[in-house]
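Undergrad: For reference, the structure I am asking about is given below.
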Amino acid sequence: MRWLPLLALFAAAAAPAHEIRLDVSGASATVITLHYADGQPFAFEAYELYPAGSETPGQVGRTDGKGRIALLADTAGEWRLKAWSDDGHGVDRKLTALAGDPAAATAPAAETPRGALWLGGLGTIFGLFGLLQLYLGRKKR
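If you're matching positions, the sequence shown starts at 5 in this note's numbering and goes up one per residue.
If you want it as structure tokens, here you go:
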């Protein structure tokens, strides 16, 4: 039982590999809205955006529920949009994108420092171990 906390500490060392970090910025984007002829949104359909002169897509994905695509272009210029649905509807058109404005970006939300997370985790482990020892100690009496 004495080695249990030390073993738990070493087992937790691989946990950062599963972490996903999130940055939020307010850079300006070119918003493209697609809809069918009857006004219904071209929702959740596949698309590819190609920078001028490129055969490799610069962005791929699906439109949102309102048929929108947000493009944060590195530089202003011409892009080619290919969008299609499973039932055969689609578009292949060139458009002009605005460049993202880095000055409009906001600072990412403050993250909890890694050391505080480690201390919190260790405190939880040692606290649970202490409660277990108290329970087992009372049980023996």
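Built from N, CA and C at the ideal position, the CB exists for glycine as well.
Do you know how far the Cα of residue 118 is from the Cα of residue 80?
TA: Rounded to whole angstroms, residue 80 to residue 118 spans 38 Å at the Cα level.
Undergrad: Got a sec, what are the start and stop residues for the alpha helix (DSSP H) residue 139 sits in?
TA: Here the alpha helix (DSSP H) through residue 139 covers 118 to 144.
Undergrad: Cα separation between residue 64 and residue 51?
TA: Cα to Cα, the separation comes out at about 6 Å.
Undergrad: Give me the Cα-Cα distance between residue 73 and residue 86, rounded to the nearest whole angstrom.
TA: Straight-line Cα distance between these residues: approximately 12 Å.
Undergrad: Check residue 81 in the structure and name its three-state DSSP category.
TA: Residue 81: strand per DSSP, three-state reduction.
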